[in-house]
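*Asks:* Take this structure first; my questions come after.
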Amino acid sequence: MTISSAFTSPTSEREPIGGPLAWRQDSFSDPSVYTIDLAKDRLHIDNALEFLLGLDPEEIDHTQFPLPSSVVDKLQQCAHTIHEGVGFCVLRGATSCYSVEDSVTVFLGIASYIGDQRGLQNKQGHMLSHITESKGWEIPRNERHGIHSNASLPFHTDMGTDIVALHVRGCSAEGGNTYVSSASSVFNDLLSRPGVLQTLLEPNWPIQISKRQARTTCVVRSLLEPEWPAAPCRYIQAPLLTFHQGRLLVSVDPARLGPQSSPRGSDKAPVPDLSIDQRVALEALKAACHRNRVRIEARPGDIILFNNWALLHSRDAYLDTESHTRHLVRLWLRNSKMGWSIPTSMSVPWQYAYGDDPVDRIFPVVPTDVYPTLKYTAGSAAFVLEDSDEE
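For reference, each letter of the sequence shown is one residue, going 1 to 391 in the UniProt record's numbering.
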């Protein structure tokens, strides 16, 4: 796996982006290009696991999960590829054949070499999310987070994190493919539609957040020029694409844009509708993502990692059977040395995930038995709304 790290940003917002993130759909016809095989390193991983038995998951880091330099070099190569290369990689052969508890421990240990900081995924303190459809849940699919159904998910980012790490615990019988699309490739694709690009770059997209994330106030203009009226609000205004310190960053979840339905009825703090130009631009973005998408070949035991500021991702609808159930365990990461600088306009959900929240950290190894009743449409659950907020 050899990837160039040269990055070329445009001198203006209307020139093509160069470098390893400006890849084509046919760049990864051979999965070995983005796959790092750790199967031959299993003995070293087993030995490292022994150091962690009985340790609280919050204490797990690379110093507590010692690996030889030959393995560390592979993981550092993956981290470099995520931040300075094509933006994603797959670690194969590291977590198969472990118990559920041990597989989570190994996942956390290996991931600590990629990112030394972990992001909070909800206000309950969960550091892991289970992307699956439990057969025991009684809540209808249309009242769940999108990640907890078997429906397809459109291209989006997990708003609020640098790196998305997915441990593949199981694959579906049909469908459920994961795709990634580079924001740089999408930008270059849309150069023929400058009006669309301008709209995507404008810091006026209404994005749903929780009252806590908005600090109980409403941003009715761009975060770059905020106004803070007294009334609580469910949205901020921000761009979907932005250039920052020579890089193009993307932060978008269609399920968070504009007003969305609520299973519990109307919201007292409504979110503005998207403008016609924004609707056109969003459809153009989706189409460009689809034209430039790459399917990630995933197997049980794989760890998929990608740069959430550089890539969008999506999935197919899927069908589970008794013997084949799609189940991914999600972890949010940041590498304090390699991590990209985050623009103010995209920082609100990130601060929620990585800020100094006093809540106790929880690492659930299995999905919850009882699915909660949601207050707000959650879409992909990319950055979590606070379902128990009181009006």
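Every residue gets a Cβ at the ideal spot worked out from N, C-alpha and C, and that includes glycine. These figures come from a predicted structure and were not determined experimentally.
(1) Expressed to the nearest angstrom, what Euclidean distance is found between the alpha-carbon atoms of Ala288 and Gln25?
(2) For the segment 53–65 and the segment 312–328, state whether three or more C-beta atom pairs, one from each stretch, are separated by less than 8 angstroms.
(3) Could you tell me which uninterrupted alpha helix (DSSP H) segments, each at least 4 residues in length, are contained entirely in the segment 18–74, listed from first to last along the chain?
(4) Is the beta carbon of Arg315 less than 8 angstroms from the beta carbon of Gly176?
(5) How would you write the range of the beta strand (DSSP E) that Ile207 sits in, first residue to last?
(6) Excluding the five sequence neighbours on either side, which residues of its own chain have a C-beta within less than 7 angstroms of the C-beta of Val125, listed in chain order?
(7) Going by C-alpha distance, which of Gly170, Asp162, Ser99, Gln237 is nearest Asp302?
(8) Answer yes or no: do Thr199 and Pro343 have a C-beta to C-beta separation smaller than 8 angstroms?
(9) Taking the straight line between their C-alpha atoms, what separation do you get for Ile209 and Glu84?
(10) Helix or strand or just coil, what does DSSP make of Arg221?
(11) For Val100, is the classification buried or exposed, using 16 other Cβ atoms within 10 angstroms of its Cβ as the cut-off for buried?
(12) According to DSSP, Trp332 sits in a beta bridge with which residue or residues?
(13) Drop a sphere of 10 angstroms on the beta-carbon of Gln245, count the other beta-carbons inside from all chains shown, and report buried for 16 or more, exposed for fewer.
(14) Are the CB atoms of Thr178 and His44 nearer to each other than 8 angstroms?
(15) Taking Trp309 and Asp162 to be in contact with their CB atoms under 8 angstroms, please state how far apart those CB atoms are, rounded to whole angstroms.
(16) At the level of alpha carbons, what is the spacing between Pro349 and Val164?
(17) Roughly how many angstroms lie between the CA atoms of Cys78 and Asp37, to the nearest whole one?
(18) Buried or exposed for Asn307, going by 16 or more other Cβ atoms inside 10 Å?
*Replies:* Reading from the atomic positions:
(1) Taking the sequence shown and counting its residues from 1, the one referred to as residue 288 is at position 288. Taking the sequence shown and counting its residues from 1, the one referred to as residue 25 is at position 25. About 11 angstroms.
(2) no
(3) 42–52
(4) The residue labelled residue 315 in the question sits at position 315 within the sequence shown. The residue labelled residue 176 in the question sits at position 176 within the sequence shown. Their beta carbons are under 8 angstroms apart, which means Arg315 touches Gly176 by this criterion.
(5) In the sequence shown, counting from the first residue as 1, residue 207 sits at position 207. From DSSP, the beta strand (DSSP E) with Ile207 extends over 205–208.
(6) Start at 1 with the first residue of the sequence shown, and residue 125 comes out as number 125. First, the residue type needs correcting, since residue 125 is Gly and not Val in the sequence shown. Within the same chain, Gly125 has close Cβ partners Val359, Asp360, Arg361, Ile362.
(7) Numbered from its first residue, the sequence shown carries residue 302 at position 302. Comparing Cα-Cα distances from Asp302 to each of Gly170, Asp162, Ser99, Gln237, the minimum goes to Gly170.
(8) Counting from 1 along the sequence shown, the entry for residue 199 is found at position 199. Counting from 1 along the sequence shown, the entry for residue 343 is found at position 343. No.
(9) As a working note, residue 209 is residue 209 in the sequence shown. As a working note, residue 84 is residue 84 in the sequence shown. If I take the Cα positions, the gap works out to 30 angstroms.
(10) Taking the sequence shown and counting its residues from 1, one reaches residue 221 at position 221. Unreliable positioning characterises Arg221 in this predicted model, as indicated by a pLDDT of 39, which lies under 50. The coordinate reading is nonetheless provided below. It is coil, neither helix nor strand.
(11) On the sequence shown, residue 100 is found 100 positions in, with the first residue counted as 1. Answer is exposed; the Cβ neighbour count stays below 16.
(12) Stepping through the sequence shown from its first residue, residue 332 is reached at position 332. For Trp332, which the question treats as bridged, DSSP gives the partners Val164.
(13) Mapped onto the sequence shown, residue 245 falls at position 245. It counts as exposed.
(14) Working through the sequence shown from its first residue, we reach residue 178 at position 178. Working through the sequence shown from its first residue, we reach residue 44 at position 44. Their beta carbons are not under 8 angstroms apart, which means Thr178 does not touch His44 by this criterion.
(15) The residue labelled residue 309 in the question sits at position 309 within the sequence shown. The residue labelled residue 162 in the question sits at position 162 within the sequence shown. Between Asp162 and Trp309 the Cβ distance is about 6 angstroms, and since that is below 8 angstroms, they are a contact.
(16) For this step, residue 349 is matched to residue 349 along the sequence shown. For this step, residue 164 is matched to residue 164 along the sequence shown. The alpha-carbon atoms of Pro349 and Val164 are separated by roughly 14 angstroms.
(17) As a first step, residue 78 must be located in the sequence shown, where it is residue number 78. As a first step, residue 37 must be located in the sequence shown, where it is residue number 37. So the alpha carbons of these two residues sit roughly 11 angstroms apart.
(18) Numbered from its first residue, the sequence shown carries residue 307 at position 307. Buried: at least 16 other Cβ atoms inside 10 Å.
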